[in-house]
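For the record, the sequence lines run as chains Z and W. Sequence positions in the first sequence follow UniProt numbering and run 1 to 291. Sequence positions in the second sequence follow UniProt numbering and run 1 to 353. Everything on this sheet refers to the single structure shown next.
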Amino acid sequence: MRSNKLGWMLLAPTLVILGLFGVVPFIYVLWVSFHQWNPFAANPEMIANGADNFRQLVFDTGFLSSLSVTLAFVFFAVTSELILGYALAQAFMKDFPGKAFFRTIHTLPLIMAPIIVGSIWKLMTTPSIGIIPDLLDSWFGYDLNIGQSAVAAFVTTVVMDIWHWTPLVTLSLIAALVALPADPFEQAQIDGASKRQIFWHITLPMIRPAIVATVFIRLMDALRVVDEVLMLTGGGPGSATRYIGVHIFREVFPRTNYGYGSAVSVVVLYITILVCWLLYVGLIAPRNNKA
Amino acid sequence: MANVTIDNVVKRYGAAEIMHGVNVDIDDGEFVVLVGPSGCGKSTLLRMIAGLEEISSGQIRIGGRVVNDVPPKERDIAMVFQSYALYPHKTVAENMGFPLKMAKRPQAEIDSKVGKAAQILDLSHLLKRYPKQLSGGQRQRVAMGRAIVRDPQVFLFDEPLSNLDAKLRVTMRVEIKELHQRLKTTIIYVTHDQIEAMTMADKIVVMRDGRVEQIGAPLDLYDRPQNVFVAGFIGSPAMNFIHGRIQSQGAALQFVAESGLVLPVPPGSAEEGRAVIYGIRPEDIEIGPGGIPVRVAVIEPMGAETQVFAKVGNDMIDAIVRQRIAARPGDELPFRIDVSKVHLFDRATEKRI
Ligand SMILES: Nc1ncnc2c1ncn2[C@@H]1O[C@H](COP(=O)(O)OP(=O)(O)OP(=O)(O)O)[C@@H](O)[C@H]1O
Ligand SMILES: [Mg+2]
Chain Z
1 MRSNKLGWML LAPTLVILGL FGVVPFIYVL WVSFHQWNPF AANPEMIANG ADNFRQLVFD
61 TGFLSSLSVT LAFVFFAVTS ELILGYALAQ AFMKDFPGKA FFRTIHTLPL IMAPIIVGSI
121 WKLMTTPSIG IIPDLLDSWF GYDLNIGQSA VAAFVTTVVM DIWHWTPLVT LSLIAALVAL
181 PADPFEQAQI DGASKRQIFW HITLPMIRPA IVATVFIRLM DALRVVDEVL MLTGGGPGSA
241 TRYIGVHIFR EVFPRTNYGY GSAVSVVVLY ITILVCWLLY VGLIAPRNNK A
Chain W
1 MANVTIDNVV KRYGAAEIMH GVNVDIDDGE FVVLVGPSGC GKSTLLRMIA GLEEISSGQI
61 RIGGRVVNDV PPKERDIAMV FQSYALYPHK TVAENMGFPL KMAKRPQAEI DSKVGKAAQI
121 LDLSHLLKRY PKQLSGGQRQ RVAMGRAIVR DPQVFLFDEP LSNLDAKLRV TMRVEIKELH
181 QRLKTTIIYV THDQIEAMTM ADKIVVMRDG RVEQIGAPLD LYDRPQNVFV AGFIGSPAMN
241 FIHGRIQSQG AALQFVAESG LVLPVPPGSA EEGRAVIYGI RPEDIEIGPG GIPVRVAVIE
301 PMGAETQVFA KVGNDMIDAI VRQRIAARPG DELPFRIDVS KVHLFDRATE KRI
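Structure follows, in C-alpha cells:
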C-alpha cells in the first residue's frame, strides 16, 4: 500500500476549503434554524426555540404554496429543457450550413448572469414597451401582462428558465451522443429496429448516465432559482411565482427573520435531496442491481 | 433465402476509389467466402450488401430486388460484425433476442430460440451477463448467436471466428457449416483464415485492393490459380515462386532459374525463351531418388510432416514431406517435383500460362 499520509496531505487544501465554505455554513444555518433570531426586533438575541420554526413551517400556507409552485416550475422547466435539449443535440449531430455559428450563439444564454437574464426578460415582457407582448398581440391577439395574470407570469418564468438553461442540456447531451460508438446503431438497423425502436432501446439507455447527471444538475439549480425570477416578477403577481428561493429571500431580508428563513432553507435542502434520491431510485438503482 | 448479385460495384470515399467494379454472383443457398489481405475491401463490400455503406456506382441485388436504396432493416439480412457490436447495456440474452424483440415476436418464442442458440454456442451459463463481463471469444459467440436466432435471407459474417482459440474455432467452424446445411441460407463469410475458406466455402472470392482476383470452388483455386497473387494466397504454406526462363533441351522443355537451377516443366506448357514465374506447392515436392539435389537450409519437424527449406541461389524452396528427415542443414537432398503440379505464370502479367 502507498503512504496514506501523502494522500491526506494532497487532499488537505480541498478538504479545508470544502469545510470552510460548505460544511461550516451549513452547520451554522442548521444551528440558526433552531433559534428565533431577528436582529432588528425588540430582542435582537438568538433565542433557542427548539423545533418551533419547523412546526410553524408545516402550517405556513405561504411556504406550502411556494413549495407547490416551485415543484410545478421545476417539473415544467426541466422536462421541457430535457426534450428541447435532446432535440437540439440531435440537430447539432447532423451537418448543416452555419452549424458552428448556430452552436456558438445557442450557448450564449449560458454565460449570462441570472440577474441580467432577469432584466432582459423584464424589458422584453413589460407591456407596451416589450417585444414579446407586442408580437403576441399582433400575431395572436393575446395580451400578455405578467404583472396581472398569474398563469402568464408562471409560464413566462418557465420559458425564461428554458431559454437560459436548455443550452446546458444540449451541450452535455451532444457530448454524450458524440461519444457513442457507431456499431450498436448499425447493428440495430440490421436487427430490424425502426428509428423509434433505436431511440428507445439503444440511444436512450446508452446516454442514460448523461441524462441523469444533467437532470440532477438542472433539478438542483431550478429548485433554488432566485435572482432571475426576483428580477422578472418579484414573485408576483400575488404569490404566483414566489418560488422557494424568492420566498426565503422575502422572509429573510425585508423581514430580517433569520431563524425562520434558515429553517426554510434546511427544509428545501431536505426536499432537494429527497427528489434526487427518488430520481436515483427510479432511474439508476434498478440498472445497477441488474448489472 | 435469396441469391445475391454484386454487379460492377464501385466504392468511393471522396476522391479515393477503394473498390473498382466488383462482380460476384452468389446463388441461393450458397456459402461464399471472401478472402484477401487486410484493407482489400472485404468489410466494405459486406457493409454495402448490408446497406450500411452507400454504393457509389453499380448494383447490388438480393433475391432479384435492387437494394441500392433499401435501408438495412428492410433487407432481411443478419450480420456479425468484425467488432461484435454488442449492445453494452443489454444482457447476453437480451442481445441475442433483440432482433426477435424488434420483430415483436412473443416472449416465449424469443426465450426458446435464444436458449437453443445459447446451447449451440455454449453460452447458456452466461445469459444474464453483460458484454463487458465477457471475454473476446464469448462476445464473438454472442454476436453469432444474435445472427442465428433469426431466419434471414442472407447471413453476413465478418471474421466471426478470429478471436477464438484453435479448438473453439474448429468447433464453431463445424457448427456454422452444420447450420448452413440445415438452414440452406445464403452465407457470405469474410475471413483471413485459409483453412476456414477452404473447408467451409462452396465458392471462394479472392480480393485484392478493391478488385476480384478470382472466383471459384476451393479446389479450383488451389489447382488452377489464375495468377501469382491467388496462387500465393491460397494454400498454406504458400506456393514456391522461382523466376526464370523456359529453354529447350533437345525436344523437351525445361525451366532454368536465374540462379541456374534447372527444373522440369510439363511438355508443351510454354514457348521457348519465355520469361516465366515457376510455381510449385511445397506439398507437391517429394524427397527421393532421381530428384534435383539442393542444399538444405532449415528443417522443421512438425510431427506428422517435415518442412524442409532449401536455398538455391537467391531462391528459397520449401517442401513438405511425410517422411522424417535425418539430414542436417548444409547436406544435399534430392527434391523430386511432381511435374503435373507445376504452375507457370507469365513474368510480365503474372497471369497463368
Ligand atoms: N471511411 C473511410 N474513408 C476512407 N477510406 C476508408 C474508409 N473506410 C475504409 N476505408 C478504406 O477502404 C479499404 C477497405 O477497408 P475494409 O475495412 O473493407 O478492409 P478489409 O478488407 O475488411 O480489411 P481487414 O481484413 O483488415 O478487416 C481500406 O484501404 C480502408 O483504408
Ligand atoms: Mg474487415
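Glycine included, C-beta positions come from ideal geometry on N, C-alpha and C. Only a predicted model underlies this, so the values are computations on that prediction, with no experimental measurement involved.
* If you pair each beta-carbon of the segment 76-92 of chain Z with each one of the segment 211-231 of chain Z, do three or more pairs fall below 8 Å? -> With a cut-off of 8 Å, the segment 211-231 of chain Z and the segment 76-92 of chain Z count as touching, because enough Cβ pairs lie within range.
* Check: E159(W) C-beta below 8 Å from any heavy atom of ligand 2 -> Yes, the beta carbon of E159(W) sits closer than 8 Å to at least one heavy atom of ligand 2.
* Report the three-state DSSP secondary structure of G288(W) (helix, strand or coil). => DSSP places G288(W) in strand when its eight states are reduced to three.
* Asked: If residue 357(W) and I110(W) are in contact, beta carbons under 8 Å, what's the gap, nearest whole angstrom?
  -> Residue 357(W) falls outside the range modelled here, since chain W spans only 1 to 353, and no answer is possible.
* Can you tell me which of the three DSSP states A113(Z) falls into? => Collapsing the DSSP output to three states places A113(Z) in coil.
* To do: Consider the Cβ of P106(W): report whether some Cβ of chain Z lies at a distance smaller than 9 Å.
  => Chain Z has no Cβ within less than 9 Å of the Cβ of P106(W).
* **Within chain W, partners of G192(Z) - CB distance below 7 Å** => What G192(Z) touches in chain W: K73, P99, M102, A103.
* **Which of helix, strand or coil DSSP assigns to D227(Z)** => The answer is helix: DSSP assigns D227(Z) an H, G or I state.
* In chain Z, which residues lie with their C-beta within 7 Å of the C-beta of F81(W)? -> The CB of F81(W) comes closer than 7 Å to the CB of D183, Q187 in chain Z, given here in chain order.
* Residue interval of the alpha helix (DSSP H) (run including D191(Z)) -> Element bounds for D191(Z): n/a, residue is neither H nor E.
* Under 8 Å by Cβ, that's how I've got residue 369(W) and A327(W) pegged, so tell me the actual separation to the nearest angstrom. => For chain W, the structure presents residues 1 to 353; residue 369(W) sits outside this window and is missing.
* For chain Z, is any of its Cβ atoms less than 9 Å away from the one on H343(W)? -> No, H343(W) does not count as interfacial toward chain Z.
* **Segment limits, alpha helix (DSSP H) that includes M198(W)** => Segment 194-200, the alpha helix (DSSP H) holding M198(W).
* Same chain, Cβ closer than 6 Å to L88(Z), five either side skipped, listed in chain order -> In its chain, beyond the 5 residues on either side, T170 have a beta carbon closer than 6 Å to the beta carbon of L88(Z).
* To do: For M112(Z), decide whether its Cβ has a neighbour in chain W, counting only Cβ atoms nearer than 9 Å.
  => No, its Cβ sits nowhere closer than 9 Å to a Cβ of chain W.
* Alpha carbon to alpha carbon, how far is residue 292(Z) from L223(Z)? -> Residue 292(Z) cannot be examined here, being either before or after the span of chain Z that is shown, 1 to 291.
* Asked: Roughly how many angstroms lie between the CA atoms of Q90(Z) and I174(Z), to the nearest whole one?
  -> Q90(Z) and I174(Z): Cα-Cα distance of roughly 7 Å.
* Asked: For a contact meaning CB atoms closer than 7 Å, what does I284(Z) contact in chain W?
  -> Residues of chain W with a Cβ closer than 7 Å to the Cβ of I284(Z) do not exist; the shortest Cβ-Cβ separation is about 13 Å.
* Asked: Should M206(Z) be flagged as near chain A, meaning a C-beta pair shorter than 9 Å?
  -> Absent here is chain A; the protein component of the structure consists of chains Z and W.
* Can a CB atom of chain Z be found closer than 9 Å to the CB of H125(W)? -> No, because no Cβ of chain Z sits closer than 9 Å to the Cβ of H125(W).
* On the three-state DSSP scale, how would you describe G64(W)? -> Residue state, collapsed to three classes: coil.
* Is there at least one Cβ from chain Z nearer than 9 Å to residue 355(W)'s Cβ? -> Examination of residue 355(W) is not possible in this model, given that chain W is present from 1 through 353 alone.
* **chain W contact for I211(Z) (CB, 9 Å cutoff)** => Cβ-Cβ to chain W under 9 Å: no for I211(Z).
* Asked: Any residues in the segment 47-64 of chain W with a beta carbon nearer than 7 Å to a beta carbon of chain Z? Which ones, in chain order?
  -> Under the 7 Å Cβ criterion, the segment 47-64 of chain W contributes A50, L52.
* To do: Mark K290(Z) as exposed unless 16 or more other C-beta atoms lie within 10 angstroms of its C-beta, in which case mark it buried.
  => Legend: pLDDT at K290(Z) = 48, less than 50; position of this residue unreliable, no value from coordinates given.
* Asked: Quick one: is the Cβ of L45(W) within less than 8 Å of any heavy atom of ligand 1?
  -> The beta carbon of L45(W) sits closer than 8 Å to at least one heavy atom of ligand 1.
* **Anticipated Cβ contact below 8 Å, D78(W) with A147(W), distance rounded** => It should be noted that the sequence gives Ala, not Asp, for residue 78(W). About 4 Å separates the two Cβ atoms, so the contact holds.
* Using 8 Å as the cut-off, classify the Cβ of M207(W) as near or not near the heavy atoms of ligand 1, replying yes or no. => At least one heavy atom of ligand 1 is nearer than 8 Å to the Cβ of M207(W), so yes.
* Look at the Cβ atom of P131(W), then the Cβ atom of L164(W), and state whether they are nearer than 9 Å. => It is not a contact, given that the beta carbons lie outside the stated cut-off.
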